[in-house]
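A.B. asks: First, the structure itself, so that you have it in front of you.
In the UniProt record's numbering, the protein residues as written are 1 to 134.
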């Protein structure tokens, strides 16, 4: 079994630290799977769902904010602004955040405010999608 060292770090905690067989990352234009001995690179990641297959074959799912992943010498480090497990997400709060973001998007805003509202909506929708699976 081919594995690699994986560490997922958010602004307030270490979400995952251990050996993994695979991680699927959210990107701006889709998803990227990383396996053992992947080519070295640094990639910007987007708000979305991560799926980790541990060295024991267990599945770990999470919702992450924007960040970067560094892949070097069979070590993968994902640094994101937020990371949550589905069971830690409050669906009521996520739904309220979705409604607020949709309302802000309907209003005339500056480009910066529009982008912030768009990111809030993407985060809320991902949180709701992932918690439906639990």
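Note that CB positions come from ideal geometry on N, CA and C, so glycine has one too. If you're wondering where the values come from, they're calculated on a predicted model, not measured in any experiment.
Express the C-alpha separation of residue 45 and residue 52 in angstroms, rounding to a whole number.
C.D. replies: Using only the alpha carbons, I get a separation of about 15 Å.
A.B. asks: Does the distance from the C-beta atom of residue 69 to that of residue 47 stay below 9 Å?
C.D. replies: No. Outside cutoff.
A.B. asks: What are the complete alpha helix (DSSP H) segments, minimum 4 residues, inside the UniProt domain "ATP synthase epsilon subunit C-terminal" (87-131)?
C.D. replies: Complete alpha helix (DSSP H) runs here, min 4: 91-106.
A.B. asks: Between the beta-carbon of residue 104 and the beta-carbon of residue 65, is there less than 9 Å?
C.D. replies: No.
A.B. asks: Which residue from 89, 79 and 91 puts its Cα closest to that of residue 11?
C.D. replies: Nearest of 89, 79 and 91 to residue 11, Cα basis: 79.
A.B. asks: Three Cβ pairs or more, each shorter than 8 Å: is that satisfied between the region 16-28 and the region 87-95?
C.D. replies: Touching, no, given that fewer than three Cβ pairs across the two stretches are closer than 8 Å.
A.B. asks: Buried or exposed: which applies to residue 111, given that a residue is buried once 16 or more other Cβ atoms fall within 10 Å of its Cβ?
C.D. replies: Label assigned to residue 111: exposed.
A.B. asks: Just the Cα atoms here: how many angstroms apart are residue 125 and residue 98?
C.D. replies: In a straight line, the C-alpha of residue 125 is about 7 Å away from that of residue 98.
A.B. asks: With a threshold of 8 Å on Cβ separation, who are the neighbours of residue 55 within its own chain once the five nearest residues in sequence on each side are excluded?
C.D. replies: Contacts found: 1, 3, 18, 19, 20 and 21.
A.B. asks: Beta-carbon within less than 8 Å of residue 73's beta-carbon, same chain only, minus the 5 sequence neighbours each way: which residues are those?
C.D. replies: 40.
A.B. asks: Excluding the 5 residues flanking residue 5 on each side, which residues of the same chain have their C-beta closer than 6 Å to its C-beta?
C.D. replies: Within the same chain, residue 5 has close Cβ partners 75.
A.B. asks: So, using beta-carbon positions, are residue 7 and residue 77 closer together than 9 Å?
C.D. replies: Closer than 9 Å, so yes.
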